[in-house]
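Sequence positions in the sequence shown follow mature numbering (1 follows the signal peptide of the UniProt record, and there is no 0) and run -22 to -1, 1 to 596.
Glycine included, each C-beta is placed from N, C-alpha and C at the ideal position.
Here's the structure, in structure tokens; my notes come after.
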Amino acid sequence: MAVLGGAGAAAALLATPSAAQATPERGSREKGKPGKGHGTTYRLTVLGTTDTHGNVLNWDYFKDAVYDDSAHNDIGLAKIATLVKLMREERGAHNTLVLDAGDTIQGTPLAYYYAKIDPITGGSVHPMAKAMNAIGYDAAALGNHEFNYGIDTLRTFESQCDFPLLSANTVDWVTGAPAFAPHVIKSYKVPGVAKPLKVGVLGLVTPGVAIWDKANVEGMLKFPGIVEQAKVWVPKLKKAGCDLVIVSCHSGAKPGSSYGDALPFPENASRQLAEQVAGIDAVLVGHAHVEIQEELVDSSATPGKKVLITEPSKWGMRLSVMDLDLVHDGKHWSLTSAHAHLLNANTAPEDAAVAALVREDHAVVRTYVNSVIGTCKAAMSAATARFEDTSAIDFINHVQADAVKTALAGTPDESLPVLSIAAPFNRDAAIPAGNVTVRDVAGLYIYDNTLLGIRFTGAQVKAYLEYSAIYFETKSTAGPFAPDDVTNAVNPGTGLETPDYNYDIMGGLDASLAYDIDIAKPVGQRITNLTYAGAPIDPAKQFVIAINNYRQSGGGNFPGVTTAPVLYNAQVEIRQLLIDWTTAQGVIDPATFTTYDWKLVSNGQPVVVQGAAEGGRH
């Protein structure tokens, strides 16, 4: 801090331009009537993170290098720790509240290692608990990814945290009682005012957990709606004497649901929360991985009131700073001003103490991800997988389909042809020619999904592919196009851009499943020349589809999957399956599984996309 010129100078340096728009008082008071606090003013500063996803250090484990991206962002709680220290020094630690909006224990090999390789349920302490305890968080909301490793792992993490994990809409399956603390109340003593200022913090999580982690929560936990539960708990906080109510909400601000109407409650409801629930003063938003510096939402529940919302991106890239200014009239506190700005982690050094806490864990995980498990005869890249057929996606589909076929041996479905779906999760993923490490393979599959097998008809296969083709923009010519001009189209059913992870590529195991995607045609009529084993696909023919649990349980709202018969579900993680396959085979030979079966066309002519391999193949 001395190097940066003191906390006040550093905070001024780090703040975005809008910081100057906030009122300048800091935890101050004015003299009013003696002993009654009339006219006393006070500023509470709320610091917030979200979607940290297992990032403590500014490190990319898949590249085994310091993290960097095109915007030169930095990541990790060690950097956030420095920003929190600076803000506490400037505003006064006794005037600050530090919150997180969820998705903490999944997302990096560091997080995976202490969930699966050396699990915290066996005695290890989670690096995220170490870092967050050192920073001094006051509370954290649960995110949907907290449930990825099962309830036992989550409960163990909860026991290791020095702060409560909040979720008012995670309830017992039978009784409906809260399964985690719904809220916490913090008190702040203000000079000149007899009664402490009481601040209620409510935690909420997207109801999509019920779909995405169905295998881990069904029969144990339910996830009612965000707005619905807030309408139950905010009045309770007000009745308990809370002068301010802040919600830490793991749910995006832009309305919409990736699962469509599969659940009666929306996935992204933070804006509705601010609009529809009386008594809320500010919302720390999570889940969407976007940057919202400051938005003042008009409350329909309390006309004339504006509710502050802010979202600090992801991975510890940003720290939200909410300044809530109040005045005391001798009896009650009133909120007079609410503003927010964001601090950028790339302007701060890592906190040495926090970094030191996880340095040994970091070293162990680096050794793990850099261990050689096989060789590859030809390099495979996923850089272009979203717009052309690649060996990298064929590799995932081959391993998944082979695992399902092997598992179905001896069952009534063993003779059915097996297909597989995979999405281009990571544009940076690549497996080199030569030695292959854990991190090379893991980089292809960055999520902790498990593998299932379901039964589909040929007609359902086509419907599935038609839905997947929503991912592409409509183009009446063959290009050439920049990749971003042809991908990530808005899904008309959700009103949201289609992320890469909701674009599925399907392939066959023992025979080719081939198709063209004609992006000149309307959504729903784009799949042409669909064949299996060289013949037009029979709509009545039955297939087995190797599919991940996120998709099978409704993630992305693909048709037919949630009601299709499940033939295989051994809870095997796909990423580990890829690692195990590579370890067992010793050699990855793309020639043995690469089949160029699909392509983009416009009015039947092959589409040219910049960056595609010569001849359209990687």
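| Item | Value |
| --- | --- |
| Check whether the region 506 to 514 and the region 427 to 434 touch, using three or more Cβ-Cβ pairs below 8 Å as the test. | no |
| Do Tyr479 and Pro537 have their CB atoms nearer than 8 Å? | no |
| Might you give, ordered along the chain, the residues of its own chain that have their beta carbon closer than 6 Å to the beta carbon of Leu262, omitting 5 neighbours on each side? | Gly26, Leu77, Ala79 and Ser226 |
| Nearest-angstrom Cα distance between His104 and Val149? | 25 Å |
| If distances are taken between C-alpha atoms only, which option among Lys94, His340 and Asp259 comes closest to Ala316? | Asp259 |
| Just verifying my parser: in three-state terms, what is the DSSP assignment at Trp151? | coil |
| Comparing C-alpha positions only, which one of Glu269, Ile552, Gln438 and Leu320 sits nearest to Ala420? | Ile552 |
| In chain order, what residues of the same chain have a beta carbon less than 6 Å from the beta carbon of Val468, not counting five sequence neighbours either side? | Glu475 |
| Tell me the rounded alpha-carbon separation between Asp130 and Asn36. | 29 Å |
| Whole angstroms is fine: what's the gap from Pro327's alpha carbon to Val44's? | 13 Å |
| Who are the near neighbours of Tyr444 in its chain, counting only those whose CB is closer than 8 Å to its CB and skipping five residues on each side? | In the sequence as displayed, the identity of residue 444 is Glu instead of Tyr. Taken in chain order, the residues that qualify are Val501, Gly502, Gln503, Arg504 and Ile505. |
| Looking at the strands, I want to know which residues DSSP matches up with Tyr546. | Gly431 |
| Under a three-way DSSP split, which group does His31 fall into? | coil |
| In angstroms, rounded to a whole number, what distance separates the CA positions of Gln563 and Glu289? | 45 Å |
| Pop quiz: Gly234 and Gly473 are said to be a contact at Cβ under 8 Å. What is the actual Cβ separation, rounded to whole angstroms? | 5 Å |
| Per DSSP, Ala74 is paired with what? | Before going further, note that residue 74 is Thr rather than Ala in the sequence given. Note: Thr74 sits in a beta bridge opposite Thr23. |
| Suppose the cutoff is 6 Å on Cβ atoms and the five residues either side in sequence are ignored; what does the same chain contact list for Lys200 look like? | Val149 and Trp151 |
| Classify Met358 as helix, strand or coil using the three-state DSSP reduction. | strand |
| If you scan the region 416 to 481 from start to end, which runs of the alpha helix (DSSP H) of 4 or more residues do you find wholly inside it? | 416 to 420, 436 to 446 and 461 to 464 |
| If I'm right that Thr19 touches Asp303 with Cβ under 8 Å, what's the distance once you round it to whole angstroms? | 7 Å |
| For His265 and Asp29, which I take to be in contact (beta-carbon distance under 8 Å), what is that distance rounded to the nearest angstrom? | 7 Å |
| Based on the DSSP secondary-structure assignment, which residues constitute the bridge partners of Ser165? | Lys176 |
| Only counting the same chain, and skipping five residues up and downstream in sequence, which positions put a Cβ closer than 6 Å to that of Val177? | Lys164 and Leu222 |
| Whole angstroms are fine: how far does the CA of Ala591 sit from the CA of Ala119? | 44 Å |
| When the Cα atoms are used, what is the spatial distance from Glu272 to Ile287? | 6 Å |
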